[in-house]
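Worksheet: the structure to be examined is printed underneath.
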Amino acid sequence: MARKRQALRCGARRSNGQPCRAYAITGGRVCRVHGGGAPQVRRMARIRSIGGPLWPAVDRGLDRQRRETLDWQVSRVLAAACRFGISPEQVTAGDILVCVLDGLVPGEAAMPALRVDGRYGPRSRRQLATRAARQAERRAAS
Ligand SMILES: [Zn+2]
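Per my numbering, residue 1 is the first one in the sequence shown, and the count goes up by one each step.
Following this line, the structure appears as structure tokens:
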């Protein structure tokens with residue numbers, strides 16, 4: 001999902017009383033001339049602009065962690081069963097559930113960690129320029 005340019009215009013007024021109407025900085029409500037260049041304004045705008053698209057990524061990360069944890073727990077129980085000479089076919093879903101609920105799954109520290117898709121993080125102007133150049137190269141090649 002690409003980050004779209006916001007269409008929000010600056011809400012400040014010019015010295016002649018007319019609204020400014022220039023594009024606001026990303027995540028902000030004012031343009032660069034009307035306070036959008038100030039470090040504290042830019043910082044808050046940046047937090048706002050990455051905070052929104054970050055939450056769905058965190059949700060997806062949590063879902064994926066839940067799925068991976070279950071797969072991981074099942075594989076650990078089956079591996080433990082093999083070690084005790086029990087074939088995997090003899091292990092029922094109930095056995096696995098009991099092991100998980102009783103906290104008998106070994107090596108909890110090795111459980112899958114929460115991973116959040118890095119694409120939603122902040123991008124520097126240089127990164128964006130590099131990506132644009134690479135896309136142009138690809139377009140020229142094909
Ligand atoms: Zn303005």
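A virtual CB, placed ideally from N, CA and C, is assigned to each residue, including glycine. Only a predicted model underlies this, so the values are computations on that prediction, with no experimental measurement involved.
Three-state secondary structure assigned by DSSP to residue i
i	result
residue 19	strand
residue 64	helix
residue 131	helix
residue 29	coil
residue 138	helix
residue 9	strand
residue 105	coil
residue 41	helix
residue 75	helix
Residues near residue i by beta carbon distance below 6 Å, same chain, minus five either side
i	result
residue 71	none
residue 36	25, 28, 30
residue 96	74, 77
Reference residue i, options the options, closest by Cα
i	options	result
residue 113	73, 87, 69, 105	69
residue 44	57, 93, 30	30
residue 14	47, 34, 8	34
residue 102	47, 90, 77	77
residue 49	37, 25, 86	25
CB-CB length for residue i against residue j, believed under 8 Å
i	j	result
residue 73	residue 100	5 Å
residue 88	residue 80	Not confirmed; about 11 Å, so no contact.
Close Cβ partners of residue i (< 7 Å) along its chain, the five nearest in sequence each way excluded
i	result
residue 27	45, 46, 48, 49
Beta-carbon contacts of residue i that lie in its chain and below 8 Å, excluding the five residues immediately before and after
i	result
residue 21	9, 10
residue 91	77, 78, 81
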